[in-house]
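Top line first, the protein sequences correspond to chains A and B. Sequential numbering from 0 applies to the first sequence in numbering that gives the first Met the number 0. Sequential numbering from 0 applies to the second sequence in numbering that gives the first Met the number 0. Cβ coordinates follow ideal geometry from the N, Cα and C atoms, glycine included. Because the structure is a prediction, the values reported are computed rather than measured.
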Amino acid sequence: MKGTFGRLVRIFLSYGVRILSLLLAVSIIAFVLVSASPIDPVQQYLIRLGTTVSPEQRTEIEAYWGVHQPPVQRYLHWLSELLKGNLGESSLYRRPVSDLIRERFLNSLTLMLCAWALSGVIGFFGGCVMGMCRDRLPDRILKRICYILSSVPTFWLGLIFLLVFSVRLKWFPIGFSSPVGVLSESVTLWQKTHHLILPALTLSLMSFSNIALHTRQKLIDVLNSEYVLFARARGENDWTILRRHGLRNILFPALTLQFASFAELFGGSVMAENVFSYPGLGSAVSAAGLNGDLPLLLGITLFSTLFVCVGNLIANLLYGVIDPRVREVGES
Amino acid sequence: MKKHNRRTRALLLALLTAALLLTIYLLGHLIQENAVTGSFLTARQPPSFAHPFGTDALGRDLLLRTVKGLSVSMTVGSAASVISAVIAVFVGIASAIGSRWVDSLINWVIDLVMGVPHTILIILISFALGRGLKGLLIGIAATHWCSLARLIRGEVLQLRSQQYVAVSRKLGKSSGWILIHHLLPHLVPQFFVGLVLMFPHAILHEASISFLGFGLPPEQSAIGIILSESMRYLSIGMWWSAVLPGATLVLIVLLIDRLGEHLRTILDPSSAQE
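Below you can see the structure in the form of structure tokens.
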């Protein structure tokens with residue numbers, strides 16, 4: 000056990016350093032990209048302001064924003080404020096970016112968590128069915144569905160769902176995370192869930208095929224092994240073989256894959272949130288990009304990197320620490 | 000079809016698919032931008048014999064716009080995947096035959112690119128280049144090389160441990176000679192299959208980013224733009240403007256995916272006898 004604990008600490012430390020170096024690099028790259036942009040944030044801000052601004056006032060705003068400082072100085076200033084926990088103020092929403100991210104991330108997290116769990120369960124189950132019925136009709140049908148789903152763009156699937164379930168059948172509302180014109184305190188849990196179902200379903204169908212096909216392949220590998228042949232010779236039926244030999248071999252790879260897919264999940268949620276006008280990080284990032292809201296764009300980029308890194312960290316921990324085979328190899 | 004074996008069949012199907020894709024591509028180029036202008040007299044018509052995909056809110060024929068958009072998507076997709084695949088080959092080889100620190104540096108860069116969600120990274124790059132075709136192209140090219148580079152690295156590492164490479168080295172051949180005569184020929188199928196399999200991803204990303212508004216300018220015909228316009232008219236029942244262009248895109252992506260599979264069957268020596 001002591002060895003395991005020591006390994007855990009070492010993994011945490013090395014990943015901590017790695018994540019920090021990645022975050023630092025992302026912050027530099029994102030800052031350079033944003034600074035190199037020909038899109039003038041001051042101009043965008045003034046356009047949104049709607050009123051005419053005299054040249055003197057414009058100069059004042061520019062001086063306040065530090066537009067004319069050299070980029071390195073601006074970056075260092077931004078970084079030092081970032082380390083103090085100040086991400087700046089969003090020029091689009093006129094609120095501190097950290098508050099905005101916290102609030103939006105809760106919405107996004109609910110959406111992503113539902114989709115993630117749903118796609119994991121359906122995908123794993125579908126993969127098991129495909130693996131057990133290899134090359135028979137259920138396998139062929141499910142495999143075809145998986146291939147087609149992985150060729151469908153998320154936002155189009157979302158549009159189709161909107162069209163069928165919201166416009167035609169009127170089962171679900173068209174957008175937003177709660178009814179329009181109702182105070183946020185009086186929104187019931189059911190109303191929130193009601194607004195969440197379609198985006199979550201769209202998002203989960205996108206990542207479903209990956210996990211299903213992976214599980215199918217793993218299960219087929221297991222079923223071709225000699226210990227399964229022996230089990231079959233002992234007279235175990237399909238269900239017992241799946242329960243005793245299949246599940247424990249395929250569950251961890253599937254879980255690892257699921258944690259390692261946070262990047263696609265986040266990317267998919269950007270699309271889903273835009274289709275369903277769901278107020279999460281994804282719709283905020285595209286709004287920030289379209290309106291030249293640099294602090295928000297940078298903040299969300301960093302935050303999404305952190306999110307993906309945490310997912311990868313968990314995947315690696317699962318892979319290296321919990322799976323006894325990998326653990327033993329690592330220790331010896 | 001019975002008298003042909005699997006490879007011949009794959010070759011025929013691949014040629015057929017490629018011809019079909021090329022036709023759509025050329026058709027899209029033949030359509031002039033001014034042929035797509037419509038009038039308000041023909042606006043918002045459901046699919047009919049004259050307009051098989053219906054017309055949009057400005058009266059433009061959606062079939063023409065879709066085909067034109069597909070050819071734009073295919074241009075962006077193919078250019079981005081070629082750039083990406085070339086990057087992947089260089090990076091993969093450098094990572095496999097370079098010194099240890101080159102390898103760990105490349106691994107770190109791959110971690111970096113994979114660490115930022117692709118959609119966000121493409122948005123950033125497109126923002127940096129002022130939201131246009133160029134930004135879209137570079138963004139997609141810069142994000143898609145990672146997995147192919149890893150694949151090629153593994154392949155080169157495996158090839159380098161082969162005996163004939165060791166013999167060649169003992170015979171006094173230089174690393175450059177070994178690279179050109181022993182390694183590159185093996186990487187050609189990997190390169191082409193990887194390229195074709197990258198193509199659908201690139202097209203899907205192109206459509207997604209255009210849909211968000213970071214790609215082509217809104218007056219152009221691109222699938223993402225058509226679909227993002229259609230979103231405004233969903234609630235008044237213009238189903239055709241969302242369903243048909245999107246379905247065509249899915250069809251094209253599936254076709255390209257099949258093309259990749261066929262190419263794999265043809266180029267992979269281990270399936271030669273099947």
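Within chain B, the residues that residue i reaches when beta carbons sit closer than 7 angstroms
i, result
"F265/A", "P116"
"G288/A", "I122, F126 and F213"
"F11/A", "Within chain B, no residue comes near F11/A; the closest Cβ sits about 17 angstroms away, beyond 7 angstroms."
"I313/A", "Within chain B, no residue comes near I313/A; the closest Cβ sits about 14 angstroms away, beyond 7 angstroms."
"V284/A", "I119 and I122"
"R300/A", "The sequence as given places Thr at residue 300/A; Arg does not occur at that position. Neighbours of T300/A on chain B, chain order: V115, I119 and L123."
Beta-carbon neighbours of residue i, restricted to chain B and to distances below 8 angstroms
i, result
"S36/A", "F126, A127, L128 and G129"
"C145/A", "Neighbours of C145/A on chain B: none; closest Cβ ~12 angstroms, over 8 angstroms."
"I249/A", "In chain order: nothing, as chain B lies at least about 22 angstroms away."
"M270/A", "T118, S207, F210 and L211"
DSSP three-state assignment for residue i, whether helix, strand or coil
i, result
"T51/A", "coil"
"D55/B", "coil"
"P95/A", "strand"
"D60/B", "strand"
"E272/A", "helix"
"E218/B", "coil"
"E260/B", "helix"
"D80/A", "Checking the sequence, you will find Glu at residue 80/A rather than Asp. Helix."
"E88/A", "strand"
"H3/B", "coil"
"M111/A", "helix"
"C132/A", "coil"
"D298/B", "Limits of chain B in this structure are 0 at one end and 273 at the other, which puts residue 298/B out of reach."
"G329/A", "Caution is warranted here: a pLDDT of 48 is assigned to G329/A, below 50, making its placement in the model unreliable, and the coordinate value is therefore given only provisionally. Three-state DSSP puts G329/A in a helix."
"A49/B", "coil"
"S67/A", "The sequence as given places His at residue 67/A; Ser does not occur at that position. H67/A: coil per DSSP, three-state reduction."
"P199/B", "helix"
"F191/B", "helix"
"I121/A", "helix"
"D292/A", "coil"
"I326/B", "One cannot answer for residue 326/B here, as it falls past the ends of chain B, which runs 0 to 273."
"F213/B", "coil"
Contact list for residue i against chain A, beta-carbon separation under 7 angstroms
i, result
"W238/B", "L162"
"P199/B", "S150"
"D55/B", "Those do not exist, as D55/B stays about 14 angstroms from chain A at its closest Cβ, beyond 7 angstroms."
"V71/B", "Within chain A, no residue comes near V71/B; the closest Cβ sits about 15 angstroms away, beyond 7 angstroms."
Local Cβ density within 10 Å of residue i, reported as buried at 16 or more and exposed below that
i, result
"F306/A", "buried"
"E218/B", "exposed"
"Y24/B", "buried"
"R215/A", "buried"
"E330/A", "At E330/A the pLDDT is 47, less than 50, meaning the model places this residue with poor confidence; the figure from the coordinates comes in the next sentence. By the neighbour-count rule (16 or more Cβ atoms within 10 Å), E330/A is not buried but exposed."
"I235/B", "exposed"
"T142/B", "buried"
"W189/A", "exposed"
"A116/A", "exposed"
"G171/B", "exposed"
"L19/B", "exposed"
"W100/B", "exposed"
Residue i and residue j closer than 8 angstroms at C-beta
i, j, result
"F52/B", "P244/B", "yes"
"V195/B", "L136/B", "no"
"E55/A", "V41/A", "no"
"G259/B", "V192/B", "yes"
"A9/B", "T264/B", "yes"
"M205/A", "G119/A", "no"
"R231/A", "I219/A", "no"
Chain-ordered neighbours of residue i on chain C, where CB pairs are closer than 8 angstroms
i, result
"N273/A", "In the displayed structure, chain C is absent; the protein chains listed are A and B."
Contact set between residue i and chain A, taken where Cβ atoms lie within less than 8 angstroms
i, result
"V249/B", "I147, S150, V151, P152 and W155"
"D256/B", "Y146 and S150"
Closer than 9 angstroms at the beta carbon, the chain A residues around residue i
i, result
"V66/B", "Chain A residues near V66/B: none, gap ~17 angstroms exceeds 9 angstroms."
Exercise for the section: Pick out the complete alpha helix (DSSP H) segments inside the stretch 92-166 of chain B, 4 residues or longer, and give them in chain order. Expected result: Within the stretch 92-166 of chain B, the complete alpha helix (DSSP H) runs of at least 4 residues are 99-114, 117-127, 132-142 and 145-159.
Problem - Uninterrupted alpha helix (DSSP H) stretches inside the stretch 179-245 of chain A (no shorter than 4 residues) - result: Taken in chain order, the complete alpha helix (DSSP H) segments of 4 residues or longer contained in the stretch 179-245 of chain A are 188-222, 225-232 and 237-240.
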